[in-house]
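If you count by my numbering, then the sequence shown holds residues 56 to 436, one letter each, in order. The C-beta atom is built at its ideal place from N, Cα and C for all residues, glycine as well. Every value quoted in this text rests on a predicted model; they were computed, and no experiment measured them. Below: the structure, in structure tokens.
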Amino acid sequence: MRLYKMELYKLCHRKLFIIGAVCVVGILVLFFCIKVADEMAYVDGITYEGYQAVQVNRRITEEFKGILTDEKIEKIVEKYGFPQVVEKRYYGFSDTNFLNNFVMEYFSDGYFYGWDNFHEATCVYPIEDTELGEVKKITGKEIILEYNNGWFTFVDVLQIGLLLGSILVLFSVSITFSGECQSGMLQLLFTTREGRKKDIYIKIAAAFTVTGIIWAVVVILDLLLCGAVFGFDGLDCFVGATKIMFLWVRDGSPSMLSVGYFTVISLLRGFVGMMLLCAVVLYISACYRSSFHAITVSSVYFASPILVWALAGSVYADSFFVRVLLYTIRILQYMSPFYMIMPSSVVDVYRIWQALCSISAMTCVPCIVAAYRKYRRRQAK
Numbered sequence: 056m057r058l059y060k061m062e063l064y065k066l067c068h069r070k071l072f073i074i075g076a077v078c079v080v081g082i083l084v085l086f087f088c089i090k091v092a093d094e095m096a097y098v099d100g101i102t103y104e105g106y107q108a109v110q111v112n113r114r115i116t117e118e119f120k121g122i123l124t125d126e127k128i129e130k131i132v133e134k135y136g137f138p139q140v141v142e143k144r145y146y147g148f149s150d151t152n153f154l155n156n157f158v159m160e161y162f163s164d165g166y167f168y169g170w171d172n173f174h175e176a177t178c179v180y181p182i183e184d185t186e187l188g189e190v191k192k193i194t195g196k197e198i199i200l201e202y203n204n205g206w207f208t209f210v211d212v213l214q215i216g217l218l219l220g221s222i223l224v225l226f227s228v229s230i231t232f233s234g235e236c237q238s239g240m241l242q243l244l245f246t247t248r249e250g251r252k253k254d255i256y257i258k259i260a261a262a263f264t265v266t267g268i269i270w271a272v273v274v275i276l277d278l279l280l281c282g283a284v285f286g287f288d289g290l291d292c293f294v295g296a297t298k299i300m301f302l303w304v305r306d307g308s309p310s311m312l313s314v315g316y317f318t319v320i321s322l323l324r325g326f327v328g329m330m331l332l333c334a335v336v337l338y339i340s341a342c343y344r345s346s347f348h349a350i351t352v353s354s355v356y357f358a359s360p361i362l363v364w365a366l367a368g369s370v371y372a373d374s375f376f377v378r379v380l381l382y383t384i385r386i387l388q389y390m391s392p393f394y395m396i397m398p399s400s401v402v403d404v405y406r407i408w409q410a411l412c413s414i415s416a417m418t419c420v421p422c423i424v425a426a427y428r429k430y431r432r433r434q435a436k
């Protein structure tokens, strides 16, 4: 336990880690505040923005909360009308709130695709004649109306947080083994009775612990911020009926998931992605005696899915072999840490996300074993 605490201290007490952790928290809070500032509510001739708008939208939704019916839709339109005013400073109708905007988008002939491409709603459609009505028939589940903008903010902040957290893991874990060589500690460790074995186990355990803590801090901070401002309503809503995702009406569409299930998938994939990043970076760290080289190679690995896809996108698939190769590359991309931490990628791999997540998790084992064997065989110079 003493060695374990020492390794944790070595990973966390560095100025780079401390400054990085403060920056991650600061950027998350700033990004969250920007998301809150985007909220708007128009009620009784008054336009509310930011935090006030969130509270107003939450309050007016309470009256209609629960299973959505045609009667509720009619009452919403009767009480708040349809959005009609368009101003250049707002992307969308400026006289909108959560309720009448929801009705306009999913149960009327109104839409807003741009300042030069919009149509004011003139009528309400029965639920059974709409796309959400089709979703109801396919899933056999009722349409739930709850204020759910908080989960849209949660997913957006989570994506930024896990990306920043992964960068922090990359810079922290990269020097786990390479830093011992660079500092000259390797010679001392190998003179102890347990230096070649126990110390390696402890280093690996400490690296995964720090990675898990970073993931947990991002998730908990995100939950606390969103819960305090937006509340936790909306978990039973269809994710396609929120700002998180467009509504696709077909069997097996991820847009028919509940917000709660979509959030669980995003959290699980993010956790596995960060664990995989930690495992691969540990192996890279064990391969180099210089922290600079370890960090550089780890950074290239983390960003490689973007670089590879940019190159692959320029390849013309004129043969079956090339198409298979490109498809394989794309699948490998979605198993990489960069894509695993992105909730938006769930849309592309929804049908096989369990398999990809399992393969990524299992890949951690050979990486850890390889890192252990590589570092143990290293000869001190």
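Taking 9 Å as the cut-off, the Cβ atoms of PHE162 and ILE182 count as close. Going by beta carbons, SER340 and VAL228 fall inside the 9 Å limit. Cβ atoms of THR208 and PHE87 come within 8 Å of each other, at about 7 Å.
Taking all protein chains in view, the Cβ of THR383 is surrounded by fewer than 16 other Cβ atoms within 10 Å, so the residue is classified as exposed. Excluding sequence positions up to five before and after TRP303, its CB lies within less than 7 Å of the CB of GLY295, SER310, all in the same chain and listed in chain order. With distances taken between CA atoms, THR185 lies nearest to THR124 out of THR124, TYR146, MET61.
LEU276 is positioned such that its CB atom lies closer than 9 Å to that of LEU83. When C-alpha distances from ASP291 are compared across GLU197, ALA262, THR264, PHE226, the shortest belongs to GLU197. In the structure shown, the three-state DSSP call for LEU200 is strand. Following the DSSP letters along the chain, one finds GLU104 inside the beta strand (DSSP E) bounded by residues 101-104. DSSP places TYR168 within a strand segment (E or B) once states are collapsed to three. Secondary structure at ALA262: helix, using DSSP grouped into helix, strand and coil. Distance from the Cα of ASN203 is smallest, within the candidate group ILE74, GLU104, TYR356, VAL109, for VAL109. In this structure, the CA atom of VAL79 is about 7 Å from the CA atom of GLY220. Boundaries for VAL294: no alpha helix (DSSP H) harbours it, and the DSSP string shows neither H nor E there. Cα atoms of PHE393 and CYS333: separation of roughly 12 Å, rounded to the nearest angstrom. Excluding five sequence positions before and after PHE326, the CB atoms of its chain that fall closer than 6 Å to its own CB belong to TRP270, given in chain order.
The C-beta of LEU337 has 16 or more other C-beta atoms within 10 Å across all chains shown, which makes the residue buried.
Out of GLY188, ARG385, ALA416, the CA that lies nearest to the CA of ASP403 is found in ARG385. The beta-bridge partner set that DSSP reports for ALA425 is empty. Residue pairing by DSSP places SER313 opposite PHE293 in a beta bridge. In this structure, the straight-line span from the alpha carbon of ASP99 to that of VAL355 is close to 54 Å. Nearest in C-alpha terms to PHE301, of all of GLY121, ARG144, PHE157, is PHE157. Taking a contact as a CB-CB distance under 8 Å, the pair LEU322 and VAL274 counts as one, their CB atoms being some 6 Å apart. The Cβ-Cβ distance between ASP150 and THR116 does not fall below 9 Å. Looking from the CA of LEU154, the closest CA among TYR256, LEU217, ASN112 belongs to ASN112. MET395 is positioned such that its CB atom lies no closer than 9 Å to that of CYS422. Contact between PHE137 and PHE167 does not hold, since the beta-carbon distance rounds to 11 Å and is not under 8 Å.
Around the beta carbon of CYS281, 16 or more other beta carbons sit within 10 angstroms, so the residue counts as buried.
The alpha carbon of TYR145 has as its nearest neighbour, out of GLU133, GLY169, ILE131, the alpha carbon of GLY169. Nearest to ILE268 by C-alpha distance, out of TYR256, PHE317, GLY216, is GLY216.
Judged by beta-carbon spacing, TYR427 lies within the 9 Å limit of ILE259, meaning their Cβ atoms are closer than that value. Proximity to LYS60 across ALA262, LYS191, LYS90 peaks at ALA262, based on C-alpha coordinates. If you check the CB distance, GLY121 and GLU201 come in under 9 Å. Spanning the alpha carbons of LYS127 and ALA283 requires a straight line of approximately 28 Å. VAL212 and LYS90 do touch by the CB rule: their CB atoms are close to 7 Å apart, below 8 Å.
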